[in-house]
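K.L.:
Can you keep this structure in mind? I'll have questions shortly.
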Amino acid sequence: MSNDGIKVIVHDDIYYSLHSDTLQRDFIRSASIHISKNPNLYSFESLPAFIHYRPLPPLYQFSSPIRINCTKGDVPRCQKCHCYLSPFVQINQQMHAWYCPICNTTNSTIHFTPLSDMNVNKFDREELHNLVYDIIPPRNQLLKNGEARCFLFIIQEDLLNFGSSSQNNLIQALESAVQNFKENDKIGLITFSSVVTLYNLVSLKAMSYSEFDTELVTDPLTLVNAREFSQNFISCVKSRSKLDKISSPRLFTALQWAQNYLKGLGGRILLFTSGKFDEKNLDLISDFKSESISLSVFAQTPNSHLDSLALATGGYSTHIFDDSLLSSLFGVETGWDSSTVFRYDSRVAKIGPILSGFSNNSEEVLKHPVIDETMSITVPLSIIPGSSGVFTFQFATRFTTDLGERLIRVVNGQMPISDFCPMPYDTSAIALYILRLNAMNILKDQISFTKSMQDLKKSITLKDLPLLIYTGNMREKSMLMSCSVERFGFSVLVTVFVVNEVNYYVLWTPKKVVVYPKPSDQEIKLIQQISRQKGLIMTSIYSPETVEEFQSISRTEQEAFDWFQRL
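Those letters in the sequence shown? Residues 249 to 815, per my numbering, in order.
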């Protein structure tokens, strides 16, 4: 993954966990390495920690979360940040209040159970004992339409020129697509040229508008049952056949109308366009995401701005006649108005450049649409100076099961502040990690150890070293135990860092820090700061005169042996 200069090579275990159909993972947290010009641990440029989350992994009987029935309205949530209950919640001794672990707000326990069910022990809710659980919510908790999938088609009229190949292919694709509609699906239709046309698929009437103004509407667009009015839908598409191309299509005006009519419903916008236009509107991204609307683009010509809109809202961007993808959009049960909300403790960490395009609802809440079961989300974090303790977070995903059940899946997590380690310079951790993987081969004795280190350096260059060395999740205690100390070792492999576009090669040893080429006083201060972040007490810095001398020091058997003995 890469974004704004951030480069992350994901460990095979993480990739497998996020994409496996048989391995269940609720979330994976990790620390990553990024060689930054700024050695400050608290710099956003470093971005040391990431949380990887797959909202809707395949579930099997042995791993299905506990299901909590809250249809009576008893869904306790923090009055400030609206997070759900978790095992990290603290209840006072008098059982009168509970304290939110994310924002530290005091909440009353009177809402733990409904008034109609006071015989239940309200202080022993299942949410307080489970990191992951599904809520069967009351209807007013669903926020968006919870009864039907919604699809709104937007078609550029240039594609419907009478007798053209694009018209024939598009109509064939739509006729095939309507065969995939489910019983309760709802659809709507908008076409656009120099004006935007809204259709009533029941009365087969249409109204055209040159701009977006809801006060002009006399016959508003309504979404109708897809199966019942599929033929009316095809007839309206065919009725818009044109002979002339329009030079200035009103694409974003059409998208504004679409957003207005999907407000409060959520759903998919399926846009069919030539892709040739100069109009831009970035404001639509936040509008779509706040309403759980995803935009999928089917274009004749690739358009980077449309691609960005689709990616940011959880949609797809492909060629206009990608029939297989079009059909697949109607086969995903959970993809129509599902969304994930990420709540986190903003006192401990900040969010860096979001790789998955979350929208900010508030300082502590991020929201993103969920397009299908294969989607995963990566949230980068950066430590706040002076913070301590633990970092608490919560994912909440609203979705529909294959049986049509509406659920809210809550995944809680907590990680110690030590996970925000100074990873941007911790190549020593990588050395230890590789050494442990090769322990049987390289730790038999001093000679084989030294020889294997040479073989290791020949076969693996610095840029090929794994950049992710600390991985794990709530279910892999053994991996956490085996990897938690990797970052604290001295390194006999050379660390490369860049200051003012100059490569400096650094070797930490038990006695001194060896640097080549010779740094200036300013660079020495940076190296000292890095050493303190690594937990090392640096006694001296030595700069060899030649690169050969530096290589000789790094090959010294005694240095390597002393380093290993001190671990």
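Ideal placement from N, C-alpha and C gives every residue a C-beta, glycine not left out.
Quickly, what does DSSP pair C318 with across the bridge? List them, please.
P.N.:
One-based indexing of the sequence shown puts residue 318 at position 70. C318 pairs with nothing; no bridge assigned.
K.L.:
Please report the distance separating the alpha-carbon of S594 from that of I632.
P.N.:
What you label residue 594 is simply residue 346 of the sequence shown in a count that begins at 1. What you label residue 632 is simply residue 384 of the sequence shown in a count that begins at 1. So the two alpha carbons sit approximately 9 Å from each other.
K.L.:
Can you give me the Cβ contacts of K699 inside the same chain, cut-off strictly under 6 Å, excluding the 5 residues immediately before and after it?
P.N.:
By one-based count along the sequence shown, residue 699 stands at place 451. Confidence in K699 is poor, its pLDDT being 46 and thus under 50, which makes the residue's placement unreliable; the coordinate value appears in the next sentence. The answer is none, since no qualifying residue turns up.
K.L.:
Buried or exposed: where does I402 fall if 16 or more other Cβ atoms within 10 Å of its Cβ makes it buried?
P.N.:
Here residue 402 corresponds to residue number 154 of the sequence shown, with the count starting at 1. Result: buried.
K.L.:
For S414, which residues from the same chain have a beta carbon less than 6 Å from its beta carbon, with the 5 sequence-adjacent residues on both sides left out?
P.N.:
Position 166 of the sequence shown, counted from the start, is the residue given in the question as residue 414. Closer than 6 Å at Cβ, skipping near neighbours: L407.
K.L.:
May I ask you to verify whether the region 466 to 483 touches the region 422 to 440, counting CB pairs closer than 8 Å and requiring at least 3?
P.N.:
yes
K.L.:
For a test of the three-state rule: what should DSSP assign to Q427, helix, strand or coil?
P.N.:
Counting from one through the sequence shown, the residue named residue 427 turns up at place 179. Helix at Q427.
K.L.:
Alpha carbon to alpha carbon, how far is K486 from F525?
P.N.:
Residue mapping note: residue 486 aligns to position 238 of the sequence shown, counting from 1. Residue mapping note: residue 525 aligns to position 277 of the sequence shown, counting from 1. Computed Cα separation, rounded: 24 Å.
K.L.:
Pick from V638, S635, V659: whose alpha carbon is nearest that of R646?
P.N.:
Your numbering for residue 646 matches position 398 in the sequence shown. The shortest Cα separation from R646 among V638, S635, V659 belongs to V659.
K.L.:
So which of S572, F578, V627, T588 has the shortest CA-CA distance to I599?
P.N.:
In the sequence shown, the residue the question calls residue 599 occupies position 351. For I599, the nearest C-alpha among the options comes from V627.
K.L.:
Using C-beta distances below 6 Å, list every residue in its chain close to V762, excluding the 5 sequence neighbours before and after it, in chain order.
P.N.:
What you label residue 762 is simply residue 514 of the sequence shown in a count that begins at 1. Excluding sequence neighbours, V762 sits near L755, Y790, I801.
K.L.:
Could you check which residue in F500, S496, V545 has the C-alpha nearest to that of R516?
P.N.:
For the purposes of this step, residue 516 is identified with residue 268 of the sequence shown, where counting begins at 1. Here the closest residue by C-alpha is V545.
K.L.:
At which residues does the beta strand (DSSP E) containing V545 begin and terminate?
P.N.:
Mapped onto the sequence shown, residue 545 falls at position 297. Judged by DSSP secondary structure, V545 falls within the beta strand (DSSP E) whose first and last residues are 541 to 547.
K.L.:
With respect to the alpha helix (DSSP H) encompassing F481, which residues constitute its N-terminal and C-terminal limits?
P.N.:
Stepping through the sequence shown from its first residue, residue 481 is reached at position 233. DSSP places F481 in the uninterrupted alpha helix (DSSP H) bounded by 478 to 486.
K.L.:
Among residues of its own chain, excluding the 5 on either side of L418, which ones have a beta-carbon nearer than 6 Å to its beta-carbon?
P.N.:
In the sequence shown, the residue the question calls residue 418 occupies position 170. If we look at L418 and ignore the five residues flanking it on each side, its Cβ neighbours are L407.
K.L.:
Which whole-angstrom value is the C-beta distance of N317 and I384, which I expect to be below 8 Å?
P.N.:
In the sequence shown, the residue the question calls residue 317 occupies position 69. In the sequence shown, the residue the question calls residue 384 occupies position 136. Contact holds; Cβ gap of about 5 Å.
K.L.:
Would you grab the beta carbon distance between E459 and T501 for me? Rounded to a whole angstrom, and I think it's under 8 Å.
P.N.:
Counting from one through the sequence shown, the residue named residue 459 turns up at place 211. Counting from one through the sequence shown, the residue named residue 501 turns up at place 253. Going by Cβ atoms, the distance from E459 to T501 rounds to 6 Å, so yes, they are a contact pair.
K.L.:
Ordered along the chain, which non-local residues of its own chain (more than five positions away) have a Cβ less than 7 Å from that of I772?
P.N.:
The residue given as residue 772 occupies position 524 in the sequence shown. Closer than 7 Å at the Cβ level, and outside the excluded window around I772, lie I789.
K.L.:
Under a three-way DSSP split, which group does A506 fall into?
P.N.:
Numbered from its first residue, the sequence shown carries residue 506 at position 258. The answer is helix: DSSP assigns A506 an H, G or I state.
K.L.:
Indicate whether D382 and R591 have their beta-carbon atoms separated by less than 7 Å.
P.N.:
As a first step, residue 382 is located in the sequence shown; it is residue number 134 there, counting from the start. As a first step, residue 591 is located in the sequence shown; it is residue number 343 there, counting from the start. Result no, Cβ atoms of D382 and R591 do not sit closer than 7 Å.
K.L.:
Excluding sequence positions up to five away, which residues of its chain have a Cβ less than 6 Å from the Cβ of P792?
P.N.:
Working through the sequence shown from its first residue, we reach residue 792 at position 544. Only Y764, F798 meet the Cβ criterion.
K.L.:
Given that a residue counts as buried once 16 or more other Cβ atoms are within 10 Å of its Cβ, and exposed if not, what is E374?
P.N.:
In the sequence shown, counting from the first residue as 1, residue 374 sits at position 126. By the beta-carbon neighbour count (other beta carbons within 10 angstroms, threshold 16), E374 is exposed.
K.L.:
Alpha helix (DSSP H) containing D571: first to last residue?
P.N.:
The count along the sequence shown starts at 1 and reaches residue 571 at position 323. Counting along the chain, the alpha helix (DSSP H) containing D571 begins and ends at 571 to 577.
K.L.:
Rounded to whole angstroms, what's the CA-CA distance from L446 to W505? Just pull it up for me.
P.N.:
Here the question's residue 446 lines up with position 198 in the sequence shown. Here the question's residue 505 lines up with position 257 in the sequence shown. Taking the straight line joining both Cα atoms gives about 9 Å.
K.L.:
S483: which of T561, G523, Q420 sits nearest, CA to CA?
P.N.:
Here residue 483 is taken as the residue at index 235 of the sequence shown, counted from 1. Taking only the C-alpha atoms, the option nearest S483 is Q420.
K.L.:
Grab the span of the beta strand (DSSP E) containing A454 for me, first residue to last.
P.N.:
Sequence index remark: in the sequence shown, residue 454 carries index 206 (1-based). Its beta strand (DSSP E) spans residues 453 to 457.
K.L.:
Say yes only if the C-beta of T319 is nearer than 6 Å to one or more non-hydrogen atoms of the ligand PLP, and no if none qualify.
P.N.:
The ligand PLP is absent from the structure shown, which contains no ligands of any kind.
K.L.:
In chain order, what residues of the same chain lie with their CB nearer than 8 Å to the CB of Y452, ignoring the 5 residues before and after it?
P.N.:
Position 204 of the sequence shown, counting from 1, holds the residue named residue 452. Here the sequence assigns Leu to residue 452, which means Tyr is not the residue at that position. Scanning its chain for C-beta atoms nearer than 8 Å, with the 5 sequence neighbours on each side dropped, one finds around L452 the residues N480, S483, C484, in chain order.
K.L.:
For the beta strand (DSSP E) that F590 lies in, which residues bound it at each end?
P.N.:
Taking the sequence shown and counting its residues from 1, the one referred to as residue 590 is at position 342. Start and end: 587 to 592.
K.L.:
Tell me the rounded alpha-carbon separation between L513 and C398.
P.N.:
Here residue 513 refers to the residue found at position 265 of the sequence shown. Here residue 398 refers to the residue found at position 150 of the sequence shown. When rounded, the distance between both Cα atoms is 7 Å.
K.L.:
For G523 versus A547, is the C-beta distance shorter than 7 Å?
P.N.:
In the sequence shown, counting from the first residue as 1, residue 523 sits at position 275. In the sequence shown, counting from the first residue as 1, residue 547 sits at position 299. Result yes, Cβ atoms of G523 and A547 sit closer than 7 Å.
K.L.:
Put T794 into one of helix, strand or coil per three-state DSSP.
P.N.:
Position 546 of the sequence shown holds residue 794. Here T794 sits in coil by DSSP.
K.L.:
Please state if the CB of V426 and the CB of S478 are separated by a distance shorter than 7 Å.
P.N.:
In the sequence shown, counting from the first residue as 1, residue 478 sits at position 230. In the sequence shown, counting from the first residue as 1, residue 426 sits at position 178. For S478 and V426, yes; Cβs fall inside 7 Å.
K.L.:
What residue does the beta strand (DSSP E) around R516 start on, and which one ends it?
P.N.:
Taking the sequence shown and counting its residues from 1, one reaches residue 516 at position 268. Residues 515 to 521.
K.L.:
Just to confirm my understanding: we take T549, look at its own chain, exclude 5 residues before and 5 after, and list those with CB closer than 8 Å. What are they?
P.N.:
Counting from 1 along the sequence shown, the entry for residue 549 is found at position 301. So the list reads S522, G523, K524, once near-sequence residues are dropped.
K.L.:
My output table needs one value for T357: the three-state DSSP class, helix, strand or coil.
P.N.:
Numbered from its first residue, the sequence shown carries residue 357 at position 109. The answer is helix: DSSP assigns T357 an H, G or I state.
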